[in-house]
Structures are given as structure tokens and as C-alpha cells.
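In the working numbering, the protein residues as written are 815 to 856.
Backbone N, C-alpha and C define an ideal beta-carbon position, used for all residues, glycine too.
Let me begin by presenting the structure, written as C-alpha cells, before commenting on it.
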């Protein structure tokens with residue numbers, strides 16, 4: 815169902831990649847620790 819799609823692994827990976835690229839493009843240093851992003855402005 816469409817309501818379940820945000821919970822799928824592939825959707826989660828695409829969302830995480832988008833967030834990662836957004837932060838990198840704005841000058842952050844980003845690390846992925848477990849299931850969390852840790853971002854620090856450079």
C-alpha cells in the first residue's frame with residue numbers, strides 16, 4: 815500500500831541519501847553512526 819512506502823528500506827535509503835547530500839552541499843561534514851547522521855559545520 816502507498817501508506818507503507820515511507821517505511822520500506824529503499825525509500826528510507828533514498829531519503830537518507832537526500833539528507834546527506836543536502837548537508838554536504840551546505841558545508842557540513844557528515845558521518846553516519848548507526849542509524850543517525852551526525853553533521854558538523856566545517
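Residue pairing by DSSP places residue 846 opposite 851 in a beta bridge. A distance below 6 Å between beta-carbons, with the five flanking residues on each side excluded, links residue 845 to the following residues of its chain, in chain order: 852. Under the DSSP assignment, residue 833 falls in the alpha helix (DSSP H) whose first and last residues are 823-839.
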